[in-house]
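Q: First the structure, then my questions, so here it is.
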Amino acid sequence: MEPSRDIQRLIAIMAALREPKTGCPWDIVQTFETIKPYTIEEAYEVADAIERHDMDDLCDELGDLLLQVVYHAQMAEEVGEFSFGDVVEAVTRKMIRRHPHVFARSDADTPEAVKLQWDEIKQAEKADRHRRRMRRGLPLEEHSGHLGSVQRSFPALVEALKLQERAAKVGFDWSEPAPILDKVEEEIGELRQALNDGDRRKVADELGDLIFALVNIGRHVGTDPEMALRGTNTKFRRRFSHIEQELHAGGETLDAASLERMEELWQAAKAIERQLT
38 MEPSRDIQRL
48 IAIMAALREP
58 KTGCPWDIVQ
68 TFETIKPYTI
78 EEAYEVADAI
88 ERHDMDDLCD
98 ELGDLLLQVV
108 YHAQMAEEVG
118 EFSFGDVVEA
128 VTRKMIRRHP
138 HVFARSDADT
148 PEAVKLQWDE
158 IKQAEKADRH
168 RRRMRRGLPL
178 EEHSGHLGSV
188 QRSFPALVEA
198 LKLQERAAKV
208 GFDWSEPAPI
218 LDKVEEEIGE
228 LRQALNDGDR
238 RKVADELGDL
248 IFALVNIGRH
258 VGTDPEMALR
268 GTNTKFRRRF
278 SHIEQELHAG
288 GETLDAASLE
298 RMEELWQAAK
308 AIERQLT
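In the numbering used here, the protein residues as written are 38 to 314.
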């Protein structure tokens with residue numbers, strides 16, 4: 038088996054890995070459920086490569102993500118559901134259908150008109166999906182109501198953002214960021230009280246409320262909370278690495294260093310960043 042630029046080679050490799058008698062023992066026993074975490078992980082690794090502007094890594098990570106698609110399609114084909122070709126056909130049909138202003142005739146000639154047209158097409162697709170599931174005797178989606186289109190499978194921050202955006206469409210929203218800051222302070226007070234009471238369940242509940250309010254601020258100021266937090270995570274990694282390097286240079290270790298010493302180095306890392314920016 039030789040590498041190739043042809044997608045059919047990748048499909049053939051996956052089929053060989055899944056071959057019951059001659060395939061890979063690990064790949065053979067995998068299921069949709071066991072592979073799902075890897076699919077999510079690969080998507081995040083693609084995002085990480087993009088944020089680092091690392092085109093070499095991006096190429097590799099996109100390949101890993103594509104492998105996940107081929108993996109799921111292979112497992113589906115084995116049980117007679119669909120193949121990789123069906124996946125490609127479905128998404129190409131969807132893109133053509135959702136872009137009549139490109140591939141057919143349409144009056145949508147502004148971003149706003151395109152967005153409205155997109156939403157209308159998606160509603161028609163949802164109705165068609167409902168009819169298909171009924172014909173196949175499949176259970177109908179549990180999602181209902183105005184928030185039903187927001188998937189529970191999203192990462193929590195993304196789900197919170199989409200729930201708020203969906204609610205805002207019918208006017209259930211703050212008018213500006215300032216009142217949300219008051220809500221944040223209110224939630225901090227309730228979290229503080231829960232901590233004082235020692236009620237772990239209430240602490241978790243109030244912490245969730247606080248994070249939800251912070252997501253709302255990000256939405257109002259046009260800052261994606263997921264990306265904001267990832268930026269902070271990157272900053273934390275960078276500053277903690279500075280602590281580690283400085284300790285190592287001085288013959289010290291993380292385990293032996295006091296909190297005060299590490300805080301001193303943390304502040305030094307912040308000062309360096311301020312000088313650079």
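Glycine included, every Cβ here is placed at the ideal spot set by N, Cα and C. Small disclaimer: the values here were computed from a predicted structure and weren't measured.
Determine, using beta carbons only, whether Asn253 and Ile217 come nearer to each other than 8 Å.
A: Here residue 253 corresponds to residue number 216 of the sequence shown, with the count starting at 1. Here residue 217 corresponds to residue number 180 of the sequence shown, with the count starting at 1. For Asn253 and Ile217, yes; Cβs fall inside 8 Å.
Q: Output the boundary residues of the alpha helix (DSSP H) element that contains Met51.
A: Looking up residue 51 in the sequence shown gives position 14. First-last of the alpha helix (DSSP H) with Met51: 44-55.
Q: Among Leu99, Glu70, Ser120, which residue has its Cα nearest to the Cα of Ala52?
A: Here residue 52 corresponds to residue number 15 of the sequence shown, with the count starting at 1. Of Leu99, Glu70, Ser120, the residue nearest in Cα terms is Ser120.
Q: Is the CB-CB distance between Glu224 and Glu243 below 8 Å?
A: Residue mapping note: residue 224 aligns to position 187 of the sequence shown, counting from 1. Residue mapping note: residue 243 aligns to position 206 of the sequence shown, counting from 1. For Glu224 and Glu243, yes; Cβs fall inside 8 Å.
Q: Taking contact to mean 3 or more Cβ pairs, one atom from each stretch, closer than 8 Å, check whether the stretch 138-145 and the stretch 102-114 are in contact.
A: In short, these stretches do not touch, since the Cβ pair count stays below three.
Q: Would you please state the rounded distance, in angstroms, between the beta carbons of Thr290 and Leu284? I believe it to be under 8 Å.
A: As a position in the sequence shown, residue 290 is number 253, starting the count at 1. As a position in the sequence shown, residue 284 is number 247, starting the count at 1. Their Cβ separation, rounded to whole angstroms, is 6 Å, which keeps Thr290 and Leu284 in contact under 8 Å.
Q: Nearest by alpha-carbon distance to Glu115: which of Gly288, Arg55, Lys239, Gly259 is it?
A: On the sequence shown, position 78 is the one that residue 115 refers to. Out of Gly288, Arg55, Lys239, Gly259, Arg55 has the C-alpha closest to the C-alpha of Glu115.
Q: Using DSSP with H/G/I as helix, E/B as strand and the rest coil, what is Cys61?
A: Locating residue 61 in the sequence shown gives position 24, where the first residue counts as 1. Cys61 falls in the coil class under three-state DSSP.
Q: I'd like to know whether the C-beta atoms of Val107 and Ile48 end up nearer to each other than 8 Å.
A: As a first step, residue 107 is located in the sequence shown; it is residue number 70 there, counting from the start. As a first step, residue 48 is located in the sequence shown; it is residue number 11 there, counting from the start. Yes, they are a contact pair.
Q: To the nearest angstrom, how far is the alpha carbon of Asp292 from that of Met299?
A: If you number the sequence shown from 1, residue 292 lands on position 255. If you number the sequence shown from 1, residue 299 lands on position 262. Distance between the alpha carbons of Asp292 and Met299: 11 Å.
Q: Three or more beta-carbon pairs under 8 Å between the stretch 165-174 and the stretch 219-234, yes or no?
A: Because the criterion of three Cβ pairs below 8 Å is not met, the stretch 165-174 and the stretch 219-234 do not touch.
Q: Can you tell me which of Asp165, Thr260, Arg134, Asn233 puts its alpha carbon nearest to the alpha carbon of Gln154?
A: Start at 1 with the first residue of the sequence shown, and residue 154 comes out as number 117. Considering only alpha carbons, the answer is Arg134.
Q: Any idea what DSSP makes of Glu39, helix, strand or coil?
A: Position 2 of the sequence shown, counted from the start, is the residue given in the question as residue 39. Here Glu39 sits in coil by DSSP.
Q: Can you list, in chain order, the residues of its chain whose CB lies under 8 Å from that of Pro7, leaving out five sequence neighbours each side?
A: For the chain, the structure presents residues 38 to 314; residue 7 sits outside this window and is missing.
Q: Note down the Cα distance separating Leu99 from Trp211, rounded to an integer number of angstroms.
A: Position 62 of the sequence shown holds residue 99. Position 174 of the sequence shown holds residue 211. Roughly 39 Å separates the two Cα atoms.
Q: Sorted by chain position, which residues of the same chain lie with C-beta nearer than 7 Å to Pro57's C-beta, five sequence neighbours on each side aside?
A: Taking the sequence shown and counting its residues from 1, one reaches residue 57 at position 20. Within the same chain, Pro57 has close Cβ partners Ile65.
Q: Can you name, in chain order, every residue of its own chain whose Cβ lies under 7 Å from the Cβ of Glu281, other than the five neighbours on each side?
A: To locate residue 281, count along the sequence shown from 1; it is residue 244. The answer, listed in chain order, is Leu291.
Q: Please classify Gln201 as buried or exposed, where buried requires at least 16 other C-beta atoms within 10 Å of its C-beta.
A: Residue 201 sits at position 164 when you count from the first residue of the sequence shown. Flag for Gln201 reads buried.
Q: Can you tell me whether DSSP reads Arg142 as helix, strand or coil?
A: The residue labelled residue 142 in the question sits at position 105 within the sequence shown. Looking at Arg142 - three-state DSSP - the assignment turns out to be coil, as it is neither helix nor strand.
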